[in-house]
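Novice: End of the sequence shown = 356 in our numbering, gap-free, step of one. Cβ coordinates follow ideal geometry from the N, Cα and C atoms, glycine included. Right, I'll just put the structure down here and ask away after.
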Amino acid sequence: MREEPVMNENRLANFDFLRIVALFAIVMGTFVSLGFASAEVSSFNWDLLNIFMSVSRFGFPVLLMLSGAFMLDNQSKPDVKGILKHYVLRLVIVFVIWSLFYALMHAIFDGESVSFMDRLFTGYDHLWFILAVIGLYLITPVLRAFLQAANQELILYFLLLSFLFAFLLPYVAWYLEWDGLSSLLNNMKLRAVGGYLGYFVAGYYLRQYTPDRAKRILLYVMGGIALFITIFLTSANSDYYGYSIPYFYNLFSPAVAVYSVGVYLFFYHLNFGLISQNTERIFYNLSAVSFGAYIVHRFFYLLLDAIGITAVSFTPFLTVPLCSGLVFCLSLFASLMLKKIPFAGKYLG
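What follows is the structure, encoded as structure tokens:
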């Protein structure tokens with residue numbers, strides 16, 4: 008059955024809450040990733056870290072889908088000039104400022120001597136995400152024109168191509184060591200449906216065309232199965248090779264993509280109708296500082312690392328939720344304070 012467009016449904020509280028949840032997932036994933044090097048493969052601690060990491064992988068895809076849900080909406084007004092001036096330029100300034108900050112922090116904490124100019128084009132650790140968003144914003148006017156003219160079937164066709172050529176087939180080629188398929192994909196160079204565009208457009212699509220309840224339940228089940236596949240394949244391959252194989256955590260893993268779509272739909276369709284206006288306001292305020300919290304969260308992990316606290320300092324069953332929760336709260340508070348700085352606040356928090 009064909010889904011009908013949903014243009015006026017008020018789901019802003021759901022989106023705000025989902026953005027907060029996605030931020031926590033990313034903060035947790037960062038902490039877990041820093042502990043993998045200290046955990047022996049197949050140990051109980053490593054297995055716990057694998058579960059936590061797999062669960063957290065929806066964070067970045069969901070943020071990309073949320074960006075697409077709003078930036079690609081038919082009612083979004085900024086034209087090319089507006090997007091370049093109010094979105095892209097701000098993000099470029101944010102990237103430069105925080106690249107400089109983290110260059111200084113790494114020099115202090117790690118004695119790193121890599122030049123700032125080198126890092127300016129690659130970003131420190133987590134700042135790659137800002138570059139990814141800049142790229143998506145640059146192509147937003149083109150995508151918006153396409154989506155306004157396209158019907159549901161055409162958008163689904165685009166998403167199918169994206170899933171096949173950016174997610175599924177590259178993984179099949181890698182996992183099976185299928186050189187012929189790798190060569191075919193390389194020669195076709197279907198980059199127009201690659202990169203992060205699939206997540207970006209999927210966020211728009213799932214906001215405009217809501218699947219019915221039966222299809223949502225199916226996607227939830229598929230998401231749960233995809234999460235299990237990520238946990239199992241990471242464990243099995245790491246056991247086989249004797250060292251951690253993180254490839255199944257990749258954002259372009261088909262399992263991560265399916266899992267992320269399931270999470271996105273689940274929170275989008277949570278019934279927030281009974282929550283109070285004060286609760287909605289809290290969600291909104293936390294969501295408003297989530298971007299800044301993402302930027303600063305890595306700083307707090309530098310501090311934890313400096314005093315010797317990692318995910319395996321104790322059992323990950325305790326350290327991961329406790330330390331992640333602490334850094335999550337500190338990051339939100341720091342972002343809130345930075346945002347209050349006159350003039351510079353919009354670039355800092």
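Return the Cβ separation of residue 69 and residue 20 in integer angstroms, given the expectation that the two are a contact with Cβ distance under 8 Å.
Specialist: For the purposes of this step, residue 69 is taken as the residue at position 62 of the sequence shown. For the purposes of this step, residue 20 is taken as the residue at position 13 of the sequence shown. Not really, about 16 Å apart at Cβ, beyond 8 Å.
Novice: Decide if the region 198-216 is in contact with the region 166-175; the criterion is three or more beta carbon pairs, one per stretch, under 8 Å apart.
Specialist: Output reads yes: the region 166-175 touches the region 198-216.
Novice: Decide if the region 262-272 is in contact with the region 201-216; the criterion is three or more beta carbon pairs, one per stretch, under 8 Å apart.
Specialist: The region 262-272 is in contact with the region 201-216.
Novice: Can you find at least 3 beta carbon pairs, one from the region 36-46 and one from the region 214-222, that sit closer than 8 Å?
Specialist: No, the region 36-46 does not touch the region 214-222.
Novice: Is the CB-CB distance between residue 319 and residue 57 below 7 Å?
Specialist: Here residue 319 corresponds to residue number 312 of the sequence shown, with the count starting at 1. Here residue 57 corresponds to residue number 50 of the sequence shown, with the count starting at 1. No.
Novice: From residue 162 to residue 116, what does the alpha carbon distance come to, in whole angstroms?
Specialist: Numbered from 1 along the sequence shown, position 155 holds the residue referred to as residue 162. Numbered from 1 along the sequence shown, position 109 holds the residue referred to as residue 116. Distance between the alpha carbons of residue 162 and residue 116 is about 47 Å.
Novice: Going by C-alpha to C-alpha distance, which of 346, 313 and 308 sits closest to residue 329?
Specialist: Here residue 329 refers to the residue found at position 322 when the sequence shown is read from its first residue. Residue 308 is the option with its Cα nearest to residue 329.
Novice: Using 8 Å for Cβ pairs, my map puts residue 331 next to residue 299. What's the rounded Cβ distance?
Specialist: In the sequence shown, residue 331 corresponds to position 324, counting from 1. In the sequence shown, residue 299 corresponds to position 292, counting from 1. With a Cβ gap of about 18 Å, residue 331 and residue 299 do not count as contacting.
Novice: Under a Cβ-count criterion, where at least 16 other Cβ atoms within 10 Å of its own Cβ denotes burial, should residue 302 be classed as buried or exposed?
Specialist: Taking the first residue of the sequence shown as position 1, residue 302 is located at position 295. That one is buried.
Novice: Using alpha carbons as the reference points, say which of 65, 142, 71 and 63 lies closest to residue 96.
Specialist: Here residue 96 refers to the residue found at position 89 of the sequence shown. Among 65, 142, 71 and 63, the Cα nearest to that of residue 96 is on 142.
Novice: Determine the DSSP secondary structure at residue 291, reduced to helix, strand or coil.
Specialist: Start at 1 with the first residue of the sequence shown, and residue 291 comes out as number 284. Here residue 291 sits in helix by DSSP.
Novice: Verify whether the separation of the beta carbon atoms of residue 210 and residue 36 is less than 7 Å.
Specialist: If you number the sequence shown from 1, residue 210 lands on position 203. If you number the sequence shown from 1, residue 36 lands on position 29. Contact: no.
Novice: State the start and end residues of the unbroken alpha helix (DSSP H) segment that holds residue 226.
Specialist: Position 219 of the sequence shown, counting from 1, holds the residue named residue 226. Where residue 226 is concerned, the enclosing alpha helix (DSSP H) stretches over 220-248.
Novice: I'd like to know if the region 230-240 and the region 255-263 are in contact, where contact means that at least 3 CB-CB pairs between them fall below 8 Å.
Specialist: Yes: the two stretches touch, three or more of their Cβ pairs being nearer than 8 Å.
Novice: Output yes if chain D places a C-beta closer than 7 Å to the C-beta of residue 60; else output no.
Specialist: The structure shown contains no chain D, having only a single protein chain.
Novice: Hey, quick one: how far does the alpha helix (DSSP H) through residue 269 stretch, first residue to last?
Specialist: Working through the sequence shown from its first residue, we reach residue 269 at position 262. Taken as a continuous stretch (DSSP letters only), the alpha helix (DSSP H) holding residue 269 covers 261-275.
Novice: State the Cα-Cα distance for the pair residue 176 and residue 182, rounded to the nearest angstrom.
Specialist: As a working note, residue 176 is residue 169 in the sequence shown. As a working note, residue 182 is residue 175 in the sequence shown. C-alpha separation (whole angstroms): 10 Å.
Novice: Run through DSSP, which three-state label would residue 158 get?
Specialist: For the purposes of this step, residue 158 is taken as the residue at position 151 of the sequence shown. Coil.
Novice: With a cut-off of 8 Å on the beta carbons, I'd call residue 137 and residue 108 a contact; round off their distance for me.
Specialist: Within the sequence shown, the letter at position 130 stands for residue 137. Within the sequence shown, the letter at position 101 stands for residue 108. Contact flag wrong, Cβ pair sits at about 13 Å.
Novice: Do you know how far the Cα of residue 286 is from the Cα of residue 271?
Specialist: As a working note, residue 271 is residue 264 in the sequence shown. As a working note, residue 286 is residue 279 in the sequence shown. If you take the alpha carbons of residue 271 and residue 286, they lie about 20 Å apart.
Novice: Given a cut-off of 7 Å on the beta-carbon distance, is the pair residue 212 and residue 144 in contact?
Specialist: Your numbering for residue 212 matches position 205 in the sequence shown. Your numbering for residue 144 matches position 137 in the sequence shown. No, these two residues do not count as a Cβ contact at 7 Å.
Novice: Mark residue 348 as exposed unless 16 or more other C-beta atoms lie within 10 angstroms of its C-beta, in which case mark it buried.
Specialist: What you label residue 348 is simply residue 341 of the sequence shown in a count that begins at 1. With fewer than 16 other Cβ atoms within 10 Å, it is exposed.
Novice: Determine the DSSP secondary structure at residue 76, reduced to helix, strand or coil.
Specialist: The residue you call residue 76 lines up with position 69 of the sequence shown. If DSSP states are grouped into helix, strand and coil, residue 76 belongs with the helices.
Novice: Could you spell out the range, first to last residue, of the alpha helix (DSSP H) harbouring residue 97?
Specialist: Here residue 97 refers to the residue found at position 90 of the sequence shown. Its alpha helix (DSSP H) spans residues 96-116.
Novice: Going by other Cβ atoms of all chains shown within 10 Å of its Cβ, with 16 needed for buried, is residue 72 buried or exposed?
Specialist: For the purposes of this step, residue 72 is identified with residue 65 of the sequence shown, where counting begins at 1. So residue 72 ends up on the buried side.
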